[in-house]
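Novice:
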Amino acid sequence: MAQGLTGPCPVNVALAITVAGAVISILAAIFTAAQAAFAKRQAVAAEQQAAAAKVQADLATAQLAQLKRAEDEEQGHQRWLDAVLAELRKPGRELVQVAPGDHLHAEWAIARGFVDPLSTSLGQAVILPAVERRMIPGSPEAKIREARKVILTTCSANPGQWSGWQQSGPYDEEWVTNLAAVEELAHEGLVEADVSGDRFSFSVMITAKGSAAARRGAF
41 MAQGLTGPCP VNVALAITVA GAVISILAAI FTAAQAAFAK RQAVAAEQQA
91 AAAKVQADLA TAQLAQLKRA EDEEQGHQRW LDAVLAELRK PGRELVQVAP
141 GDHLHAEWAI ARGFVDPLST SLGQAVILPA VERRMIPGSP EAKIREARKV
191 ILTTCSANPG QWSGWQQSGP YDEEWVTNLA AVEELAHEGL VEADVSGDRF
241 SFSVMITAKG SAAARRGAF
């Protein structure tokens, strides 16, 4: 008796379906876990970026605040300087005492050469810078500048020779100016100077540097 072909066993089919379903579930779980891990990494990265952005924002805010303080300080210094210079440029005004609380303003102005410092019995004071004081007719600095001019001009006419000056009397105010001028010139290397021990006379010989200054009119 001939036997016919048999179909798939129902048990085997059911087992295959079960296994396939389990594999799909495992793969789905793996994919879900991977998605969760990726999402977590993105969240951590976003938090780190946010923290870095906050640090940068805080730094920028601090820098802006520092710049604003520096600008305010600069403006405060400038206002103080403008007021002081206005006072110093009034006729007969020689100095301005630095008030308590204004010493930082004074240090700022002195460091930049806007004013010169002066110590007095009342404390620190400021005066106009020497360059500006020399432009004031009749000021001690202007008189010294004129004496420097006379000394350099006289000596430049006789290079390599000594020229002498002598005090004319006990109350010769011009002599004090001449002494100050020749000491400045010697200190700057524009002349060689020989001042007598009693400081009643001095001899001067111009240097090459002094001759060049005289030719330029840089007295």
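Residue numbering for the sequence shown follows the numbering used here, starting at 41 and increasing by one per position. The beta-carbon is built from N, C-alpha and C at its ideal position, and this holds for glycine as well. Every value quoted in this text rests on a predicted model; they were computed, and no experiment measured them.
Using 8 Å as the Cβ pair cut-off and three pairs as the minimum, do the region 102-119 and the region 130-140 touch?
Specialist: Touching, no.
Novice: Determine whether the beta carbon atoms of residue 255 and residue 203 lie at a separation below 9 Å.
Specialist: No.
Novice: Between which two residues does the beta strand (DSSP E) carrying residue 204 extend?
Specialist: From DSSP, the beta strand (DSSP E) with residue 204 extends over 203-206.
Novice: Count the other C-beta atoms from every protein chain shown that fall within 10 angstroms of the C-beta of residue 218, then say buried if there are 16 or more, exposed otherwise.
Specialist: Looking at its Cβ environment, which holds 16 or more other Cβ atoms inside 10 Å, residue 218 is buried.
Novice: Give the straight-line distance between the Cα atoms of residue 148 and residue 181, rounded to the nearest whole angstrom.
Specialist: Each residue's alpha carbon lies about 24 Å from the other.
Novice: Pick from 99, 207, 143: whose alpha carbon is nearest that of residue 165?
Specialist: If we check each option's Cα against that of residue 165, 143 comes out closest.
Novice: Spell out a yes or no on whether the region 175-195 and the region 145-163 are touching, meaning 3 or more CB-CB pairs, one atom from each, closer than 8 Å.
Specialist: These segments do not touch.
Novice: Could you tell me if residue 117 is buried or exposed, where buried requires 16 or more neighbouring beta carbons within 10 angstroms of its beta carbon?
Specialist: With 16 or more other Cβ atoms within 10 Å, it is buried.
Novice: Can you grab the Cα-Cα spacing for the pair residue 52 / residue 61, in whole Å?
Specialist: Near 14 Å, if we compare the C-alpha coordinates of residue 61 and residue 52.
Novice: Taking C-alpha atoms, which residue in 238, 247, 239, 224 lies nearest to residue 231?
Specialist: Selected option, being the one with the closest Cα: 247.
Novice: Look up residue 41 in the DSSP assignment and say whether it is helix, strand or coil.
Specialist: Confidence at residue 41 is low in this model, with a pLDDT of 48, below 50, so the placement of that residue should be treated as unreliable; the coordinate-derived value is given next. Reduced to three states, the DSSP call for residue 41 is coil.
Novice: Smallest Cα separation from residue 251: which of 190, 216, 160, 169?
Specialist: For the residues 190, 216, 160, 169, the minimum Cα distance to residue 251 belongs to 190.
Novice: On the criterion of 16 or more Cβ atoms from any shown chain inside 10 Å, does residue 227 qualify as buried, or is it exposed?
Specialist: It counts as exposed.
Novice: Along the alpha helix (DSSP H) that carries residue 216, what are the first and last residues, could you check?
Specialist: From DSSP, the alpha helix (DSSP H) with residue 216 extends over 213-227.
Novice: Which value, in whole angstroms, describes the spacing of the CA atoms of residue 31 and residue 92?
Specialist: Given a span of 41 to 259 for the chain in the structure shown, any question on residue 31 remains unanswerable.
Novice: How is the alpha helix (DSSP H) around residue 182 delimited, first residue to last?
Specialist: That run of the alpha helix (DSSP H) goes 180-196.
Novice: Which runs of the beta strand (DSSP E) spanning at least 3 residues fall entirely within the region 64-95, listed in chain order?
Specialist: Entirely contained in the region 64-95, not one beta strand (DSSP E) run reaches 3 residues.
Novice: Taking residue 121 as the reference, give the member of 136, 109, 108 with the closest Cα.
Specialist: Per the Cα distances, 136.
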